[in-house]
Amino acid sequence: MLRLGVNIDHVATIRNARGTPWPDPLRAALLAQSAGADGITAHLREDRRHIGDADIEALIEALTLPLNLEMAATAEMQAIALRHRPHAVCIVPERREERTTEGGLDVAGNQAMLADFIAPLREAGCRVSLFIGHQPAQIEAAVRIGAAVVELHTGAYCDLDTEGRHAERDAELDALREGARLAHSLGLEVHAGHGLTYDTVGPIAAIPELAELNIGHFLISESVFLGLDGAIREMRARMDAARAA
Ligand code: PXP
4 MLRLGVNIDH
14 VATIRNARGT
24 PWPDPLRAAL
34 LAQSAGADGI
44 TAHLREDRRH
54 IGDADIEALI
64 EALTLPLNLE
74 MAATAEMQAI
84 ALRHRPHAVC
94 IVPERREERT
104 TEGGLDVAGN
114 QAMLADFIAP
124 LREAGCRVSL
134 FIGHQPAQIE
144 AAVRIGAAVV
154 ELHTGAYCDL
164 DTEGRHAERD
174 AELDALREGA
184 RLAHSLGLEV
194 HAGHGLTYDT
204 VGPIAAIPEL
214 AELNIGHFLI
224 SESVFLGLDG
234 AIREMRARMD
244 AARAA
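Residue numbering for the sequence shown follows the numbering used here, beginning at 4 and increasing consecutively.
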């Protein structure tokens, strides 16, 4: 079965716009669980623009679903992850000026640093995931440094779809399929995410090697209209339908 990880970052974005305690990301996480999420994802950014340290503490304390903590490869984040020992840690590239995580991690170009960075996380029992593009060099480097999981970046595929550039979108989709196949054949668990919507999720969910999708911004956006429960159930149904087909 294809798992759905619900990313709750943008519940915190709305909260932080006003500096109120609401809407509460933990409440969203608990609701996501009852709507059929298999895990909760939260990105603790260096600038704390959405999720904050107290959110991570509350999630660790109250959540019964696995928590996937997304973070940059910095000493501060490593210390936080080692303190909380979430189920999974997904290492993402992070630049302060970006609006969201714009590209994949350059694992091939930073092998030694990343191998050292993830070793203590693995020893602490966290499943380490690397957020990468579909390039074979990145996938092979992830294997060499001992990652358990790679998450393939679907952002370019989704952007090309939104822009109506269908030939390029289809080529990107083929590359994601190839990447998933290669990663799986090398023994990695393969996840995917970024930018997924009701329109773009089907072809990704249909890739048989994928074990998990992580989806956030669109679900929180759609919850304005459908409620979070309805938005998640609709996404789950589309994922399941794509898999069944
Ligand atoms: N996966 C990773 C590694 C991410 O960094 C993000 C965004 O934080 C997502 C998935 C979810 O992306 P979106 O919010 O666009 O669905």
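Just so you know, even glycine gets a beta-carbon here, dropped at the ideal spot from N, CA and C.
Backbone CA spacing between residue i and residue j [nearest angstrom]
| i | j | result |
| --- | --- | --- |
| R147 | A178 | 21 angstroms |
| A249 | R21 | With the chain covering 4 to 248 only, the question about residue 249 has no answer from this structure. |
| E110 | V152 | In the sequence as displayed, the identity of residue 110 is Val instead of Glu. Their Cα atoms are separated by approximately 13 angstroms. |
| L213 | L163 | 21 angstroms |
| F170 | S132 | In the sequence as presented, Phe is not what sits at residue 170; that position holds Ala. Distance between the alpha carbons of A170 and S132: 30 angstroms. |
| M116 | L229 | 44 angstroms |
| Q114 | P123 | 15 angstroms |
| F134 | P96 | 8 angstroms |
| P28 | R88 | 19 angstroms |
| R66 | R125 | The question names Arg, yet the displayed sequence has Leu at residue 66. Cα-Cα distance, rounded: 21 angstroms. |
Simplified DSSP assignment, three categories, for residue i
| i | result |
| --- | --- |
| I43 | strand |
| G230 | helix |
| C93 | strand |
| G196 | strand |
| E237 | helix |
| L133 | strand |
| L128 | What sits at residue 128 in the sequence shown is Gly, not Leu. G128: coil per DSSP, three-state reduction. |
| I218 | strand |
| M74 | strand |
| C156 | Reading off the sequence shown, one finds His at residue 156, where the question assumed Cys. Correct three-state label for H156: strand. |
| L176 | helix |
6 angstroms CB neighbourhood of residue i in its chain, flanking five on each side removed
| i | result |
| --- | --- |
| I210 | R180 and A183 |
| A234 | L222, E225 and S226 |
| D41 | R6 and L7 |
Status (buried if at least 16 other CB within 10 Å, exposed otherwise) for residue i
| i | result |
| --- | --- |
| T165 | exposed |
| R48 | buried |
| A57 | exposed |
Residues of its chain near residue i, where Cβ-Cβ distance is below 8 angstroms and the 5 sequence neighbours each way are ignored
| i | result |
| --- | --- |
| G167 | none |
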